[in-house]
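Visitor: Here the sequence shown stands for residues 593 to 903, where the numbers follow my numbering. Each residue gets a CB set at the ideal place from its N, CA and C atoms; glycine is no exception. Predicted model, so just to flag it, every value in this text is computed and none were measured.
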Amino acid sequence: MKKAQFLTPVVTAFTAEGKLDHQANKNIYDFLINGGVDGLVIMGSTGEFFAMNDAEKKELIDLVVNHVNHRTKVYIGTSCMTVEDTIQLSNYAIDAGADGVMIISPYYFSLSDESVEYYYDQVADWVNGDIYLYNFPARTGHDLSPQVTLNLLRKHKNIKGYKDTVTEMTHTRELIQTVRDEFPEFIVYSGFDENFAHNILCGGNGCIGGLSNLYPAVFSEWVKAINLRDLEKVAEIQKIVDKMMGLYDIGTPFIPIMKQAMVLQGIELEGYCQKPLILPNDKQIESINLLLQELDALIVQVIPNYNGVLV
Numbered sequence: 593m594k595k596a597q598f599l600t601p602v603v604t605a606f607t608a609e610g611k612l613d614h615q616a617n618k619n620i621y622d623f624l625i626n627g628g629v630d631g632l633v634i635m636g637s638t639g640e641f642f643a644m645n646d647a648e649k650k651e652l653i654d655l656v657v658n659h660v661n662h663r664t665k666v667y668i669g670t671s672c673m674t675v676e677d678t679i680q681l682s683n684y685a686i687d688a689g690a691d692g693v694m695i696i697s698p699y700y701f702s703l704s705d706e707s708v709e710y711y712y713d714q715v716a717d718w719v720n721g722d723i724y725l726y727n728f729p730a731r732t733g734h735d736l737s738p739q740v741t742l743n744l745l746r747k748h749k750n751i752k753g754y755k756d757t758v759t760e761m762t763h764t765r766e767l768i769q770t771v772r773d774e775f776p777e778f779i780v781y782s783g784f785d786e787n788f789a790h791n792i793l794c795g796g797n798g799c800i801g802g803l804s805n806l807y808p809a810v811f812s813e814w815v816k817a818i819n820l821r822d823l824e825k826v827a828e829i830q831k832i833v834d835k836m837m838g839l840y841d842i843g844t845p846f847i848p849i850m851k852q853a854m855v856l857q858g859i860e861l862e863g864y865c866q867k868p869l870i871l872p873n874d875k876q877i878e879s880i881n882l883l884l885q886e887l888d889a890l891i892v893q894v895i896p897n898y899n900g901v902l903v
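Here it is as structure tokens:
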């Protein structure tokens, strides 16, 4: 098995007026770093990149790169609806000091394999740094297939990895099997937290999962357990994460639910999201509270010295 990693697709903190909350974002970065995650992914889907303008994106890039200051890896979601805008923002992030960029293909139209490959060809030719492909068919309307990925790897040395946000591990396993003989160092992450261990057992590298915004040290313990081949501990933490997945069911989209859960856990941010996302209602807050209580009780049984930071 490859060495496991768990990265956080970080929520973005906003003020009530919809502006970036610099101090709250710094608080979140410090909380995640202290929790021991292997890297931060800024402006992914969980980070509400879709509701931010170009100036705000650049403001956040500068904020995270300067504040993290190489304490962990920083990857920036730089997906835009045009090739030219994606290249421009990607190179801004690389020049600012990001360790790489993560790029989803254009959404709205269901693109052909040829169009998806053409898009990434154009982007990879002009981005001056490491690129991670981002596959999220439920949001784009099309799949970044294993064969297209292999075609791209044969042409572009700066394509280093892939995030596969699908529920079907069959797709991720096929991707790994398709590329690993020619490109054994290619990094493959799953996009759903519960698939972390399965990903590693299939020959992947781990996960970029949103629940680690809330319990980063739990996921760090999971990484430690799998790297130590402690399968009993891996299975125990799997049960915690399976229960934690219930947060995704409390509200749609998931982002306001996650932010409210973080507030309830004492992380210093407000729960505001960009329009049209709305704050959780009283019933949803009650459901979050109940689930957090159950999770906290379960976590201390499995990780007795757990205190919210890397143990």
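Following a CB-centred definition, is valine 815 positioned closer than 7 Å to any heavy atom of the ligand GTP?
Guide: Annotation note on the ligand GTP: not contained in the displayed structure, which lists no ligands.
Visitor: Measure how close the beta-carbons of tyrosine 864 and threonine 600 come, nearest whole angstrom, since I'm counting them as under 8 Å.
Guide: With a Cβ gap of about 19 Å, tyrosine 864 and threonine 600 do not count as contacting.
Visitor: In the DSSP output, what is threonine 600 paired with across the bridge?
Guide: BP columns for threonine 600 point to Leu632.
Visitor: Can you name the start and end residues of the alpha helix (DSSP H) that tyrosine 710 belongs to?
Guide: Element bounds for tyrosine 710: 705-718.
Visitor: Give the C-beta separation of tyrosine 667 and valine 693 to the nearest angstrom, bearing in mind that I take them to be a contact with Cβ-Cβ under 8 Å.
Guide: Sure, about 7 Å apart at Cβ, within 8 Å.
Visitor: Which value, in whole angstroms, describes the spacing of the CA atoms of glycine 801 and glutamate 760?
Guide: Distance between the alpha carbons of glycine 801 and glutamate 760: 15 Å.
Visitor: If contact is defined by three or more beta carbon pairs under 8 Å, each pair taking one atom from either stretch, is the stretch 724-743 in contact with the stretch 701-711?
Guide: Result yes; three or more Cβ-Cβ pairs closer than 8 Å.
Visitor: Given this structure, state the Cα-to-Cα distance separating aspartate 687 from glutamine 893, to the nearest angstrom.
Guide: The straight-line gap from Cα to Cα measures roughly 45 Å.
Visitor: With distance defined between alpha-carbon atoms, name the residue in Ile768, Val780, Ala716 nearest to lysine 749.
Guide: Nearest option by C-alpha distance: Ala716.
Visitor: Within the stretch 748-794, note down every full beta strand (DSSP E) run reaching 3 residues or more, in order along the chain.
Guide: Listed in chain order, they are 751-756, 779-782.
Visitor: Go to isoleucine 880, then tell me how far its alpha helix (DSSP H) extends in each direction, as first and last residue.
Guide: 874-894 is the extent of the alpha helix (DSSP H) around isoleucine 880.
Visitor: Would you kindly report the start and end of the unbroken beta strand (DSSP E) that includes isoleucine 696?
Guide: Isoleucine 696 -> beta strand (DSSP E) spans 692-696.
Visitor: Smallest Cα separation from glycine 838: which of Thr638, Leu767, Leu632, Asp785?
Guide: If we check each option's Cα against that of glycine 838, Asp785 comes out closest.
Visitor: How would you call methionine 673, buried or exposed, if buried means at least 16 neighbouring beta carbons within 10 angstroms?
Guide: It is exposed - the Cβ of methionine 673 has fewer than 16 other Cβ atoms within 10 Å.
Visitor: Within 10 angstroms of the Cβ of threonine 906, are there 16 or more other Cβ atoms? Answer buried if so, exposed if not.
Guide: For the chain, the structure presents residues 593 to 903; residue 906 sits outside this window and is missing.
Visitor: Terminal residues of the continuous beta strand (DSSP E) containing leucine 856?
Guide: Not the beta strand (DSSP E): leucine 856 falls in the alpha helix (DSSP H), residues 847-856.
Visitor: Does the beta-carbon distance from aspartate 622 to phenylalanine 598 come in below 8 Å?
Guide: No, these two residues do not count as a Cβ contact at 8 Å.
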